[in-house]
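Peer 1: In the working numbering, the protein residues as written are 25 to 617. Quick reminder that beta carbons are idealized off the backbone N, C-alpha and C, glycines included.
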Amino acid sequence: MPVTRLKLGKLKVVRRQLLQRYEHQPFVSCLAGLYGCQWRRYQRVWAQPGECCCSKVECGSFGLLILTFFLSFVFLYFWSEAQNDYNDFDWFNFGTLGFWFPWSLVLLVVAAALFTYIALLLVLAVCLLTEGQRLYLHWSHKTGIVVTLAFTVTATAILSDLWSKEWKTLLLSLQVTAPFLHVAAVSLMAILSWPIALHFFRMNRKGRQVAVLGLYLSVLFCLYLVPLGMYSPCIKEAGTLGPAPKLIGHRGAPMLAPENTVMSFEKAVEAGGEGLETDVTISYDGVPFLMHDSTLRRTTDVAEVFPNRTHLDASMFTWAELQQLNAGHWFLSRDPFGTAWSLSEVDRSQAQNQSVPSLAQFLEVAARSGRLVMFDLRRPPYGHPCRDSYINTTLQVVQAHINSSQVLWLPSEDRELVQTLDPELQQTSGEKASIQELTDGHISRLNLHYSTMSQQQISKYQSVNISTNLYVISQPWLYTLAWCAGAQSVTTNSMSVLSIINKPLFLMTPEEYSLMWILTDAVSAFLIIAIFIFHWWRERGLTFWSGSRQTQENGPYSKFRTDSSEVICVRWSPLHSDPPAGALVSLPLVFNP
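1. Output needed for SER572: all residues of its chain with C-beta closer than 8 Å, excluding positions within five of it in sequence on either side, in chain order.
2. By how many angstroms is the C-alpha of ARG229 removed from the C-alpha of TYR101?
3. I need the boundaries of the alpha helix (DSSP H) containing TRP433, first residue and last residue.
4. Please classify GLN385: does DSSP put it in a helix, a strand, or coil?
5. Helix or strand or just coil, what does DSSP make of MET532?
6. Reducing DSSP to helix, strand and coil, say where GLU301 ends up.
7. Per DSSP, PHE399 is paired with what?
8. Given a threshold of 16 other Cβ atoms within 10 Å of its Cβ, counted over all protein chains shown, does ILE90 qualify as buried or as exposed?
9. To which residues of the same chain is PHE224 closer than 7 Å at the C-beta, ignoring the five residues directly before and after it?
10. Which one or two residues does DSSP pair with LEU259 in a beta bridge?
11. What's the gap between the Cα of LEU472 and the Cα of LEU494?
12. I'd like to know if the segment 296–310 and the segment 410–418 are in contact, where contact means that at least 3 CB-CB pairs between them fall below 8 Å.
13. Could you check what DSSP says for ARG564 in three-state terms: helix, strand or coil?
14. Expressed to the nearest angstrom, what Euclidean distance is found between the alpha-carbon atoms of LEU349 and ALA338?
15. What does the alpha-carbon distance come out to for the pair VAL133 and SER428?
16. Should ALA327 be labelled buried (16 or more other beta-carbon atoms within 10 Å of its own) or exposed?
17. Please work out which residues of its chain come closer than 6 Å, Cβ to Cβ, to LEU222, disregarding the five sequence neighbours upstream and downstream, and give them in chain order.
18. Taking only the alpha-carbon atoms, compute the straight-line gap between PHE94 and VAL200 and give it to the nearest angstrom.
19. How big is the Cα-Cα spacing for VAL389 and PRO312?
20. With 16 as the cutoff for other CB atoms within 10 Å, does VAL397 come out buried or exposed?
21. State the Cα-Cα distance for the pair THR176 and GLY299, rounded to the nearest angstrom.
22. Counting only the same chain and skipping the five closest in sequence on each side, list residues whose C-beta sits under 7 Å from that of PHE99.
23. Alpha helix (DSSP H) containing TYR414: first to last residue?
24. How about the segment 368–386 and the segment 280–287: do they share at least three Cβ pairs that are nearer than 8 Å?
25. Compute the Euclidean distance between the alpha carbons of ARG358 and CYS508, then round it to the nearest angstrom.
26. Within the same chain, show all residues whose beta-carbon is closer than 8 Å to that of THR452, passing over the 5 residues directly before and after it, in chain order.
27. Where does ALA375 sit, in a helix, a strand or coil, going by DSSP?
28. According to the Cβ coordinates, are SER478 and LEU196 closer than 8 Å?
29. Tell me ILE497's beta-bridge partners as DSSP assigns them.
30. Please state whether the Cβ-Cβ distance between TRP561 and LEU529 is less than 8 Å.
31. If you follow the alpha helix (DSSP H) that ILE459 is part of, which residue opens it and which one closes it?
32. Can you tell me the Cα-Cα spacing of ALA344 and THR324, whole angstroms?
33. For ASP303 and SER513, what's the separation of their Cα atoms in angstroms?
34. How do the segment 51–66 and the segment 149–159 stand: do at least 3 beta-carbon pairs fall below 8 Å, yes or no?
35. Of the choices HIS165, MET254, LEU247, ALA106, whose alpha-carbon is the least far from that of ARG188?
36. Could you pull out every unbroken alpha helix (DSSP H) segment of at least 4 residues lying fully inside the segment 158–218, listed in chain order?
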């Protein structure tokens, strides 16, 4: 006998509710499976109207996930912006551990992997909330969150203790990235408005609604107002940008050749550097030579040639002994900047055979090319024959091999005596001071760490013809910032990279930035209001289309409740013994989610 379905009550609504429950099941199964290992439908629970989206334990796990996301993002951003100083970090570890390893890159890769993992978990959680599911996080993911949080907190604490100046680098980076971070943050808040609005209108407790909406709006308004407190030298009126800073090769071109070698300085000249920077030490027999470290262990093969003198001060070697050392093999074997692969066979062969150069050889390269020179001068230790005469010894070599006007004299010891002996030297100070003190000391240039960068101070010094050099700047974004701040020159490791930059990476007029800020806030506010209105309509059953079609359901993921008006009536077949033929049997519709 035919089976007849009778529409009693809201059968169309029932059909619509069923479609809403089951049409996205593969997607929901994937989300719940990846997030909580709940791959089967019966393992999942729908969040009912008025219910919290998760238990207290899962709510704590979700809160810990959010906290870990933000902390891991801050650490990843901090460490990625510290790339300018990775070389210093790796050599610091070399001096501490005694062997070379690219710890900085390993730390970056680990931080990026853990952040990506946490970000994916957070995306899964938000998608599940959007689909109306109750959250359940698998124990393995909870362990992963704890491990990520522990790694982030530990790494941040250690780096803050050993390398606290890098936080200044992070603050500087915000002067370039803040406008784009603002757009990204506001966009993220607009996306989060969907699940927040959904659950806001399904809550049946006013306290929860106020707490959720209050927290969301507080964060949103703070983001809207962040640009009011932003400062960047790269937001300036059109036509006020000065010339690009001149480039001074830090120990030559250490990405293209072994540092502090003749080859390195020749490469810096070829790359277009306006100046050359190095470090000078006096040998035991009075020959000034180039060496940055106090020992020869890092940049020579002293461990093989003089195995018993590895930790001896470099100035305690004679010039003849220094000439026995190879100063290039380490560059190819350790590849500190990851650039050795780019060298030609000729360059690799030349780098392999570099030796420790004297100050005279360095000055000759600069004199031939007409480049400026600047060097740190290290005083020999006690017991050294030249401990008290190292200034005069160095000055004599300088006067014999280069025009004094090409020399930026950086050593602060006996500066007045040096100025008297050779007034053509460009006196350069490594410390900030008042204009009066600088002019009294005949200072014509400042050599400052990039973390002290200040557009106001650079402009103030420039007004009295004192130029500013910033060191060591190797990342394009830092070079952009120095350019916008008005620095006259920068010392760099990446001469070949910065020399091809012909305009700042980020430059806006105040009007352009204001337009960007206002449009971002206005568009996001419109979208957020529209999303809240849409969910209000969905949950209140207001008419979306004009006229006849109305939605009577209680939200997109409302639980189906069987009542007396929603039944299936079946006319019984006479082939059955009972009930009597022609009787109507009412069966409730029961659906197992």
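Peer 2: Looking at the atomic coordinates:
1. Unreliable placement is indicated for SER572, whose pLDDT of 41 sits below 50; no coordinate value is reported for it.
2. Each residue's alpha carbon lies about 39 Å from the other.
3. Premise fails: TRP433 lies in the beta strand (DSSP E), 431–433, not in any alpha helix (DSSP H).
4. Helix.
5. Reduced to three states, the DSSP call for MET532 is strand.
6. Strand, per DSSP.
7. Note: PHE399 sits in a beta bridge opposite THR302, TRP433.
8. So ILE90 ends up on the exposed side.
9. Excluding sequence positions up to five before and after PHE224, its CB lies within less than 7 Å of the CB of GLN233, VAL236, LEU237, all in the same chain and listed in chain order.
10. One point to set straight first is that residue 259 is Ile, not Leu, in the sequence displayed. Answer is MET532.
11. Answer to the nearest angstrom: the Cα atoms are 5 Å apart.
12. These segments touch.
13. Per DSSP, reduced to three states, the secondary structure at ARG564 is helical.
14. Here the alpha carbons of ALA338 and LEU349 stand approximately 12 Å from one another.
15. Taking the Cα positions, VAL133 is about 47 Å away from SER428.
16. It is exposed - the Cβ of ALA327 has fewer than 16 other Cβ atoms within 10 Å.
17. Once the five neighbours on either side are set aside, the close Cβ partners of LEU222 are HIS559.
18. PHE94 and VAL200: Cα-Cα distance of roughly 20 Å.
19. Separation of VAL389 and PRO312 (C-alpha to C-alpha, rounded to the nearest whole angstrom) is 16 Å.
20. Burial state of VAL397 is buried, judged by a 10 Å Cβ sphere holding 16 or more other Cβ atoms.
21. About 40 Å.
22. So the qualifying residues of the chain are ALA135, THR176, ALA179, THR180.
23. Per DSSP, the continuous alpha helix (DSSP H) segment holding TYR414 begins and ends at 414–425.
24. Counting Cβ pairs under 8 Å, three or more are found: they touch.
25. Approximately 35 Å between the Cα atoms of the pair.
26. Answer for THR452: MET398, LEU432, TRP433, LEU434, ILE467, SER468, ARG469, LEU470, ASN471, ASN493, listed in chain order.
27. Reduced to three states, the DSSP call for ALA375 is helix.
28. Result no, Cβ atoms of SER478 and LEU196 do not sit closer than 8 Å.
29. Per DSSP, ILE497 has no beta-bridge partner at all.
30. Not closer than 8 Å, so no.
31. Counting along the chain, the unbroken alpha helix (DSSP H) around ILE459 starts and ends at 459–464.
32. Rounded to whole angstroms, ALA344 to THR324 spans 15 Å at the Cα level.
33. Cα to Cα, ASP303 sits roughly 19 Å from SER513.
34. Yes, since at least three Cβ pairs between the segment 51–66 and the segment 149–159 fall closer than 8 Å, the two stretches touch.
35. Before going further, note that residue 188 is Ser rather than Arg in the sequence given. The shortest Cα separation from SER188 among HIS165, MET254, LEU247, ALA106 belongs to ALA106.
36. Residue ranges of uninterrupted alpha helix (DSSP H) with 4 or more members, entirely inside the segment 158–218 and ordered along the chain, are 163–186.
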